[in-house]
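Numbering (my numbering), first residue to last: 1250 to 1660.
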């Protein structure tokens, strides 16, 4: 056991992948066992999604509600976060879907049970269903957006009620979240076993085509990352008059560190210090960057958009434009929870699959190569937030008649 602990988690996943190919090819008789391991893993992750995201959203809303003195900057920040991430999700989801990203990678899979998924979602019905008539039914139906909506409303209610009066309930939520984090950590530690089961089952039943799909996904994903880095970010920076190349040079070492460590938290303190030392407003930087670590993850939105399009195309699902618009709306909201949940990418992807009826096995399979996916999306998240801080500061300076610091002090 000590030897296993010394092996890094990404390498555990890679080892699981290799062993799965070997066992799936040479011991197909154990397919039922492989399928059991994969199914239990998917169910375990799905089990904690709603119980975890519900209190996380409530506590986040209460904290934001209580930042009354930052009303002006808060409005600017949230408009920027939601507009930019929604546009990025729409661009990448539509491009990936209509260019057929993932088409043919699951050609031999049985998709008879998936017929009608793409056309069964009506945009207006979907929008109406966001407001739950029965919150208990929303939980039992795994209706994620309805649960998030109720969590937002409850968070606003608790904020209006007063943080001091609501503290006992918020403390309970904190304990609940901490306990679920522990459970999630435990499930994720066992994920190499789940990944082994999923891939071994696929290899034993449909052959090694799944490995080709994983390579295709990673290559396509990094093409998307490159488009964000070289095209989308420069356009955003130009619109908000942010010197893009200068910003990139300013944080290039932090960008590189985030890429190789796969952790944006590692560079957070240094990112705050670096931006302020280069002339950024302390008030804006200290507010926007930490908030952006939850609400402004452009790298993660590219990943989610391409992953959903990849799964849909790989299972030959025909999605209408209204359905794609629905998916954009869904990803815009649930992507805001990705940073607050351990291994948030797989949790959010599985939540999306559950909401849309997409095959969860296809989503879970992608997790086997999440180490490679995580490096790029984390680095881009860091760069995106550096741009956001400068863009929002520029907006505030353009609309203010007094320096930002004095205006905020007078609010």
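A virtual CB, placed ideally from N, CA and C, is assigned to each residue, including glycine. Predicted model, so just to flag it, every value in this text is computed and none were measured.
- Between residue 1454 and residue 1563, the beta carbon gap of about 16 angstroms keeps them out of contact (Cβ cut-off 8 angstroms).
- Counted as a single uninterrupted DSSP element, the alpha helix (DSSP H) harbouring residue 1558 occupies residues 1547-1563.
- Collapsing the DSSP output to three states places residue 1491 in coil.
- Here the segment 1428-1441 does not lie against the segment 1527-1540, with fewer than 3 beta-carbon pairs under 8 angstroms apart.
- Residue 1440 sits in a helix when the DSSP states are folded into three classes.
- Contact annotation: the segment 1419-1428 does not touch the segment 1630-1638, with fewer than three C-beta pairs closer than 8 angstroms.
- By the criterion of at least three beta-carbon pairs nearer than 8 angstroms, the segment 1289-1298 is in contact with the segment 1598-1613.
- Less than 9 angstroms separates the beta-carbon of residue 1550 from that of residue 1338.
- DSSP, read as helix, strand or coil, puts residue 1381 in coil.
- Beyond the five residues adjoining it in sequence on each side, residue 1621 comes within less than 6 angstroms, by CB distance, of 1467 in the same chain, given in chain order.
- Rounded to whole angstroms, the gap between the alpha carbons of residue 1391 and residue 1497 is 41 angstroms.
- The three-state reading of DSSP puts residue 1634 in helix, counting H, G and I together.
- When the five nearest sequence neighbours on each side are left out, the beta carbons in the same chain lying within less than 7 angstroms of the beta carbon of residue 1334 are those of 1545, 1547, 1550, 1581 and 1584, in order along the chain.
- Within the segment 1388-1449, the complete alpha helix (DSSP H) segments at least 4 residues long are 1393-1410 and 1412-1438, listed from N- to C-terminus.
- In this structure, residue 1500 places its C-beta atom within 9 angstroms of the C-beta atom of residue 1523.
- DSSP places residue 1354 outside both helix and strand once states are collapsed to three, so it counts as coil.
- The Cβ neighbour count for residue 1451, taken over all protein chains shown within 10 Å, is at least 16; the residue is labelled buried.
- Secondary structure at residue 1608: coil, using DSSP grouped into helix, strand and coil.
- One alpha carbon belongs to residue 1399, the other to residue 1601, and they sit about 18 angstroms apart.
- In this structure, the CA atom of residue 1476 is about 32 angstroms from the CA atom of residue 1379.
- Taking the CA atoms as reference points, residue 1271 sits about 41 angstroms from residue 1574.
- Ranked by Cα distance from residue 1429, the options 1626, 1527 and 1300 are led by 1300.
- Assigned with DSSP and collapsed to three states, residue 1336 falls in helix.
- In the structure shown, residue 1614 falls within a helical segment according to DSSP collapsed to helix, strand and coil.
- Closest in alpha carbon position to residue 1327, among 1533, 1568 and 1567, is 1533.
- Contact annotation, residue 1513 with residue 1627: C-beta distance approximately 5 angstroms; criterion of less than 8 angstroms satisfied.
- A residue is called buried when at least 16 other Cβ atoms come within 10 angstroms of its Cβ; residue 1329 meets this threshold and is buried.
- Taking 9 angstroms as the cut-off, the beta carbon of residue 1599 is found no closer than this to the beta carbon of residue 1579.
- For residue 1282, the secondary structure class from DSSP, reduced to helix, strand or coil, is helix.
- Counting only residues of its own chain and dropping the five nearest sequence neighbours on each side, residue 1478 has a CB closer than 8 angstroms to the CB of 1629 and 1632.
- Spatial neighbours of residue 1445 in its own chain (CB-CB distance under 7 angstroms, excluding positions within 5 residues in sequence) are listed in chain order as 1265, 1268, 1269 and 1286.
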